[in-house]
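Protein chains in written order, with the working numbering: chain R, 21 to 147; chain F, 303 to 513. Structure first, then comments.
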């Protein structure tokens, strides 16, 4: 079954970069975008999402709050929180909700670990 | 508005993202100095007259302000400011040098500690932006200035009612401390035109033919 990745970032440019980086690593995976946490939750209610890539610094609800809500609904979904904010508290909060910390600006190398791990987990969940 | 400088939606978006990355990294450096989490807002970027920028900050802060200012020069030029309400500034210094230092010594070190903090934050932010735009900037030594918004956002040779500036604005606070402040960046129109071109190049590089 096709894998769908939800990309959440308030910056359109950042969403394009994330989509492009992801496509280079996993060209077969489908991508769907949301510009804020509210839209992301809406999409999650409507369709099957396998992987989430979430920006941290967004207006209203930040990426870590969204990741925590997502984690409550989907205990095993691979979630990445993407940010240039490498403060210990931010990294710790990402760990708390079992999300992978990926640094901005996003590169193929930076994203590779998370995507390989996600592919593995999806395969073992599906088996 | 002049078409040479008006940013397209995607350019505005890209500039916000560049600043966001720069400031997020700089906040991580400040966190190391203070030992408490630095909370940041999403940057807001607007083209406005200097006196409107001053009014904007005046609406939020009625007390005197202290700012660390650094000039930058290169492909685009301007001023970056790290701004605190005066009452907050000593708390910030105390957070950095430790609470066991006597009060009179803290006051003595205020100027130096502010300049150093400004240097780390503003340099970090500007350097990240310059790197991502693939241009180098010369950044002046930090200078501590005091006064209200009008004093901070206009220089003696600038007229407050003249021209437009790119006003870039982020507020931040520090968890568990009563410390808050702002980061602002001001650029004049020729710099803005140059910046617009660099941003277009940046977009081209990062997203290529998908624009």
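The beta carbon of each residue, even a glycine, is placed where N, CA and C say it ideally should be.
Residue i in three-state terms, based on DSSP
| i | result |
| --- | --- |
| residue 410 of chain F | helix |
| residue 123 of chain R | strand |
| residue 346 of chain F | strand |
| residue 84 of chain R | helix |
| residue 90 of chain R | helix |
| residue 492 of chain F | helix |
| residue 378 of chain F | coil |
| residue 217 of chain R | This structure does not reach residue 217 of chain R, given that chain R is present from 21 up to 147, and the question cannot be answered. |
| residue 76 of chain R | coil |
| residue 29 of chain R | coil |
| residue 47 of chain R | coil |
| residue 456 of chain F | coil |
| residue 330 of chain F | helix |
| residue 364 of chain F | coil |
| residue 479 of chain F | coil |
| residue 600 of chain F | As shown, chain F starts at 303 and ends at 513. That puts residue 600 of chain F outside it, with no answer to give. |
Chain R residues whose Cβ lies nearer than 8 Å to that of residue i
| i | result |
| --- | --- |
| residue 319 of chain F | 31, 33, 34 |
| residue 329 of chain F | 105, 107 |
| residue 505 of chain F | 33 |
| residue 434 of chain F | 125 |
Below-8 Å beta-carbon distance, residue i vs any chain F residue
| i | result |
| --- | --- |
| residue 37 of chain R | yes |
| residue 97 of chain R | no |
| residue 89 of chain R | no |
| residue 105 of chain R | yes |
| residue 47 of chain R | no |
| residue 40 of chain R | yes |
Below-8 Å beta-carbon distance, residue i vs any chain R residue
| i | result |
| --- | --- |
| residue 339 of chain F | yes |
| residue 508 of chain F | yes |
| residue 489 of chain F | no |
| residue 333 of chain F | yes |
| residue 312 of chain F | yes |
Under 7 Å from the C-beta of residue i: neighbouring residues of chain R
| i | result |
| --- | --- |
| residue 315 of chain F | 31, 32, 33 |
| residue 408 of chain F | Within chain R, no residue comes near residue 408 of chain F; the closest Cβ sits about 25 Å away, beyond 7 Å. |
| residue 326 of chain F | 77, 103, 104, 105 |
| residue 482 of chain F | The premise fails here: residue 482 of chain F is roughly 17 Å from chain R at the closest Cβ pair, so nothing lies under 7 Å. |
| residue 479 of chain F | Near residue 479 of chain F there are no residues of chain R at all, since even the closest Cβ is about 14 Å away, more than 7 Å. |
Nonlocal neighbours in the same chain, by C-beta distance under 6 Å from residue i, ignoring five residues either side
| i | result |
| --- | --- |
| residue 484 of chain F | 385, 473 |
| residue 356 of chain F | 451, 452, 455 |
| residue 445 of chain F | 371 |
| residue 493 of chain F | 378, 379, 380 |
| residue 420 of chain F | 370, 384, 444 |
Supposed contact pair residue j and residue i - C-beta distance, whole angstroms, cut 8 Å
| i | j | result |
| --- | --- | --- |
| residue 517 of chain F | residue 431 of chain F | This structure leaves residue 517 of chain F out entirely; chain F is present only between 303 and 513. |
| residue 440 of chain F | residue 375 of chain F | 5 Å |
| residue 117 of chain R | residue 88 of chain R | 5 Å |
| residue 524 of chain F | residue 424 of chain F | Outside the displayed range of chain F (303 to 513) lies residue 524 of chain F, so it cannot be described from this structure. |
| residue 349 of chain F | residue 470 of chain F | Rounded, the Cβ-Cβ distance is 10 Å, inconsistent with contact. |
Neighbourhood of residue i by C-beta distance below 7 Å, restricted to the same chain and skipping five residues each side
| i | result |
| --- | --- |
| residue 318 of chain F | 345, 347 |
| residue 60 of chain R | 26, 28, 54, 86 |
| residue 415 of chain F | 395, 398, 399 |
| residue 325 of chain F | 342, 345, 427, 472, 485 |
| residue 411 of chain F | 395, 399 |
| residue 478 of chain F | 338 |
Residues of its chain near residue i, where Cβ-Cβ distance is below 8 Å and the 5 sequence neighbours each way are ignored
| i | result |
| --- | --- |
| residue 44 of chain R | 128 |
| residue 481 of chain F | 386, 390, 393, 394, 397, 475 |
| residue 79 of chain R | 30, 56 |
| residue 146 of chain R | 21 |
| residue 409 of chain F | 392 |
| residue 331 of chain F | 422, 423, 426 |
| residue 126 of chain R | 34, 37, 38, 41, 102 |
| residue 24 of chain R | 49, 50, 51, 52, 67, 68, 69, 70, 71 |
7 Å Cβ cut-off: residues of chain F touching residue i
| i | result |
| --- | --- |
| residue 124 of chain R | 323 |
Partners in chain F for residue i, counting only beta-carbon separations shorter than 8 Å
| i | result |
| --- | --- |
| residue 78 of chain R | 344 |
Cβ-heavy atom distance, residue i to the ligand NAP, below 7 Å
| i | result |
| --- | --- |
| residue 32 of chain R | As far as ligands go, the structure on display features none, and thus does not contain the ligand NAP. |
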